[in-house]
Each structure stands twice: as C-alpha cells, then as structure tokens.
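Visitor: Count the sequence shown with the working numbering and you get residues 1366 to 1693, in order. Think of the CB as a built atom: it goes at the ideal place given N, C-alpha and C, for glycine as much as any other residue.
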Amino acid sequence: MLSGIWSAVLLAASAISGASALAIERRQYNQYNQYNTTVTGQTVVYFGQSKRQDTDGLAKVCSDPSVDIVVLAFMHILRGTNGLPGSDFWPYCNNKVAGTDLSTCSDWGSIIESCQSSGKKVLLSIGGATMTQSLSGDQDAITLADQVWGLFGEGTGYEQYRPFGATRLDGFDLDIENNNPAGWPKFISEMRAKYVGASKQYYLSAAPQCPRPDASIGDAVYLVDYVYIQFYNNPDCQAANMPTSFTEWAQDIASRSTVGTQVFAGFAGATDAVGGAGGYVSPSDMAAYVAQVKGLANYGGIMTWDYALANNNVADGQTFLQAMKAAA
C-alpha cells in the first residue's frame, strides 16, 4: 500500500514540477495586490465548539506554541435578527450583541489582539454543520461581505454591533457544508476588493471535504489563500487514502488557483471529533501521511478539528497538537 502511495506522490511531484516557479511567483504577489504567505508548515486549529478541560479558553489557544492560525467557529447564520449574521461560540460564551444573533465574549477582543501580537492569525469561520442558509445570489453575497467587513474588519456602519469591539480579525474562512456553493465566489471577490488598501494583510480560507470536487464550496477553493481539506468522515479519501487524495487536490489547485493557494491536510484531533464515518488516525500515522506530501510546492501545513479535543488527546507523552506541529 505504501509503495503505491509513494508512486502516486512521485508522479504528482513530477507533474507539477514545471509549474513550481509559477506557483512560487503566485505566492509572492497576486492579482489583488495582496501578498500571500510563503511560509509552509503552519498549523491551524478550529476553536469555539467544544471544551474538555476547565482551563480551556481562547487565551490558552493563543499561548500554545503548537498553534499558528486560530479559526473561530462558527458564524452559522447568514441572515438573522435585523438582517444581520449570527454566531455561536458555546460553551465559551452565549451572550448576544443587543438586537442580533451575534455571540459576544467579553474578553475576546483583547485576547485576539494579544494573539495577533504574538504572531498568530485569527480568522472567523462562516458555516459549520448547523448552518442551513445559503446565499441567494450575487446581491446576497455583496451584502454579507459588507456586513462581515463592518462587524469584524475595517468596514464602517456596524460599530454598535461589533462582537469584539474595535478588534479586527485577520480574515474569514468558509466551512460550507450545505451542498450549495452558489454565491461564494462573489463573496470572495467582494472581500478581496475590500482588502485592497487595508491597514494590514487579510486572508481567506476554505475547508472542503476531501471528496473532489467539494459539493458545498465548489470553485471557491481556487480563490482563497488557504484550503484546509477535511480528511475525516469520508472513508474514500481518509486515513491511508489521504496522501493520494491530497496529491490530487494539490495538483488541481496548483493548476487552477489564481492566488497561490496553499493546501493543508486536515485531521480529526481525537476519536470523538469524527462522526459515524470515522477517519481519526493516530499522531504517528498522521505524521507518516504528512511526510509523503509536504514536499509538494503548494503544501501549506496541517489543520485539526478542534483545539480542545486535540489538546486533550495525549499519546507517547505529547498532545495531538504537539505531534501536529512537529509533523508540519
């Protein structure tokens, strides 16, 4: 089995070698006048939906040297009270901004800024398994882009509703799981336009399921900076099938991305992080699978769902997160 996987990896590496220089150039500068990161081996954690220890919290995530990018999960309502989005970070906080469905955590604004000062990026994920709404068209995408930029970025007109006060996040993630990709490319183009001339660099990411093409995110995977592929809950492309699937994803994205998209391998952080389809792999297996693909030109690093589960999963004297950081 491993010899077959190695053959697939070598063939894929050969196929994209001619595009390597172009991929590097794309990572340096793209059509939206935004510099993309050239750093590989970054680690990404989703946070906000589970808690395993009394000490779990955003400050703990931000102080963990095993983490490079924090993705807050989730903004799961596109059109809620007063036409504004809504979010849910329970069990960490359940207070709502007055007149909205937006969760507000009293100290998260200052914690996010401290997190950013330490060199970590903090993104907000839109979607999740409980999101039932879709974008109805381009105008809906434009409205949502205006709202999230005003609520979490540098936009104006929503100051009284900002969940984290004046704190500005570092970008937005799409974890769309409703089998309707309509509108998201337009949302991305609107966000890219807003990023031009901003006071700092902002990012866009997406988290497709590993079967290709993803039914919920669609062509948006070619338009974002980071793609966190979920190699769990999908038997055909998880576990030992992951290196081959990752290579196919990397090839496809390298040939079609216009922004130098980097591809991340996503793993469940513990056995209870997956559903009935399974897909959890041990830290040692995770490291072995990643070793087979990290030489690809657009490899970006490793993602896990989610922080609390992965941090509470200890094997051979280290957490899943520590093993992930070493493997990245």
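Determine the DSSP secondary structure at F1629, reduced to helix, strand or coil.
Guide: Indexing the sequence shown from 1 puts residue 1629 at position 264. DSSP places F1629 in strand when its eight states are reduced to three.
Visitor: Any contact between the stretch 1470-1478 and the stretch 1514-1521? By contact I mean 3 or more CB pairs, one from each, below 8 Å.
Guide: No: fewer than three Cβ pairs fall under 8 Å.
Visitor: Since I1618 and V1592 are thought to touch, with beta carbons under 8 Å apart, how far apart are those beta carbons, to the nearest angstrom?
Guide: Here residue 1618 corresponds to residue number 253 of the sequence shown, with the count starting at 1. Here residue 1592 corresponds to residue number 227 of the sequence shown, with the count starting at 1. Indeed they touch by this definition, with Cβ atoms about 6 Å apart.
Visitor: With H, G and I counted as helix, E and B as strand and the rest as coil, what does DSSP make of A1558?
Guide: For the purposes of this step, residue 1558 is taken as the residue at position 193 of the sequence shown. A1558: helix per DSSP, three-state reduction.
Visitor: Determine the contact status of G1631 and M1668, defining contact as a CB-CB distance below 8 Å.
Guide: By one-based count along the sequence shown, residue 1631 stands at place 266. By one-based count along the sequence shown, residue 1668 stands at place 303. Yes, Cβ-Cβ distance for G1631 and M1668 is below 8 Å.
Visitor: Given a cut-off of 8 Å on the beta-carbon distance, is the pair Y1526 and L1423 in contact?
Guide: Locating residue 1526 in the sequence shown gives position 161, where the first residue counts as 1. Locating residue 1423 in the sequence shown gives position 58, where the first residue counts as 1. No; because the gap between Cβ atoms is not below 8 Å, this pair is not in contact.
Visitor: Is A1388 helix, strand or coil by DSSP?
Guide: Translated into positions along the sequence shown, residue 1388 becomes position 23. The predicted position of A1388 is uncertain, since its pLDDT is 36 and thus under 50; no value can be drawn from it.
Visitor: Report buried or exposed for A1563, applying the criterion of at least 16 other Cβ atoms within 10 angstroms of its Cβ.
Guide: As a first step, residue 1563 is located in the sequence shown; it is residue number 198 there, counting from the start. Exposed, because fewer than 16 other Cβ atoms sit within 10 Å of the Cβ of A1563.
Visitor: Which of the three DSSP states, helix, strand or coil, is assigned to K1416?
Guide: Your numbering for residue 1416 matches position 51 in the sequence shown. Coil at K1416, not helix or strand.
Visitor: Would V1586 be called buried (16 or more neighbouring beta carbons within 10 Å of its own) or exposed?
Guide: In the sequence shown, counting from the first residue as 1, residue 1586 sits at position 221. Buried, because 16 or more other Cβ atoms sit within 10 Å of the Cβ of V1586.
Visitor: Tell me, which residues are paired with V1435 by DSSP?
Guide: Locating residue 1435 in the sequence shown gives position 70, counting from the first residue. Looking at the DSSP assignment, V1435 forms a beta bridge with V1410, V1487.
Visitor: Quick check on the burial criterion: 16 or more other C-beta atoms within 10 angstroms. Buried or exposed for K1565?
Guide: The residue labelled residue 1565 in the question sits at position 200 within the sequence shown. By the 10 Å Cβ count, K1565 comes out exposed.
Visitor: Can you list, in chain order, the residues of its chain with a C-beta nearer than 7 Å to that of Q1687? Leave out the 5 residues immediately preceding and following it.
Guide: Within the sequence shown, numbered from 1, the residue matching residue 1687 stands at position 322. If we look at Q1687 and ignore the five residues flanking it on each side, its Cβ neighbours are S1431.
Visitor: Identify whether T1508 lies in helix, strand or coil by the three-state DSSP scheme.
Guide: Counting from 1 along the sequence shown, the entry for residue 1508 is found at position 143. In this structure, T1508 counts as helix in the three-state DSSP scheme.
Visitor: To the nearest angstrom, how far is it from the Cα of R1444 to the Cα of G1682?
Guide: Indexing the sequence shown from 1 puts residue 1444 at position 79. Indexing the sequence shown from 1 puts residue 1682 at position 317. So the alpha carbons of these two residues sit roughly 45 Å apart.
Visitor: Taking the alpha-carbon of A1633 as reference, which of T1495, S1581, N1598 has the nearest alpha-carbon?
Guide: Start at 1 with the first residue of the sequence shown, and residue 1633 comes out as number 268. When each option's Cα is compared against that of A1633, the closest is N1598.
Visitor: Take Y1672 and list the residues in its own chain whose beta-carbon comes closer than 6 Å to its own, dropping the five residues that flank it on each side.
Guide: Translated into positions along the sequence shown, residue 1672 becomes position 307. Once the five neighbours on either side are set aside, the close Cβ partners of Y1672 are V1410, F1412, V1426.
Visitor: Here's the rule I'm using: 16 or more other beta-carbon atoms within 10 Å means buried, otherwise exposed. How should D1433 be labelled?
Guide: Taking the first residue of the sequence shown as position 1, residue 1433 is located at position 68. Flag for D1433 reads buried.
Visitor: The alpha helix (DSSP H) spanning M1689 covers which residue range?
Guide: For the purposes of this step, residue 1689 is identified with residue 324 of the sequence shown, where counting begins at 1. That run of the alpha helix (DSSP H) goes 1685-1692.
Visitor: Jot down the residue ranges of each uninterrupted alpha helix (DSSP H) in the stretch 1516-1580, minimum 4 residues, whole runs only, in chain order.
Guide: Here the runs fully enclosed are 1549-1560.
Visitor: Would you tell me roughly how many angstroms separate the C-alpha atoms of Y1664 and F1629, rounded to the nearest one?
Guide: Taking the sequence shown and counting its residues from 1, one reaches residue 1664 at position 299. Taking the sequence shown and counting its residues from 1, one reaches residue 1629 at position 264. One C-alpha to the other measures close to 6 Å.
Visitor: Measure the C-alpha to C-alpha separation of Q1407 and L1500 and round it to an integer number of angstroms.
Guide: Locating residue 1407 in the sequence shown gives position 42, counting from the first residue. Locating residue 1500 in the sequence shown gives position 135, counting from the first residue. So the two alpha carbons sit approximately 31 Å from each other.
Visitor: What is the DSSP secondary structure of Q1616, counted as helix, strand or coil?
Guide: In the sequence shown, the residue the question calls residue 1616 occupies position 251. Helix, per DSSP.
Visitor: Distance check for T1612 and P1528, CA to CA, integer angstroms please.
Guide: Counting from one through the sequence shown, the residue named residue 1528 turns up at place 163. Counting from one through the sequence shown, the residue named residue 1612 turns up at place 247. Looking at the two C-alpha atoms, the distance is approximately 39 Å.
Visitor: Along the chain, where does the beta strand (DSSP E) that runs through Y1672 open and close?
Guide: As a position in the sequence shown, residue 1672 is number 307, starting the count at 1. Segment 1672-1676 is the alpha helix (DSSP H) holding Y1672; no beta strand (DSSP E) there.
Visitor: State yes or no: is the C-beta of I1582 within less than 8 Å of the C-beta of P1573?
Guide: Translated into positions along the sequence shown, residue 1582 becomes position 217. Translated into positions along the sequence shown, residue 1573 becomes position 208. Yes; because the gap between Cβ atoms is below 8 Å, this pair is in contact.
Visitor: Would you call T1497 buried or exposed, if buried means 16 or more other Cβ atoms sit within 10 Å of its Cβ?
Guide: As a first step, residue 1497 must be located in the sequence shown, where it is residue number 132. Exposed, since its Cβ has fewer than 16 Cβ neighbours within 10 Å.
Visitor: Counting beta carbon pairs with one atom in the stretch 1599-1609 and one in the stretch 1638-1655, are three or more of them shorter than 8 Å?
Guide: Verdict: yes, contact present.
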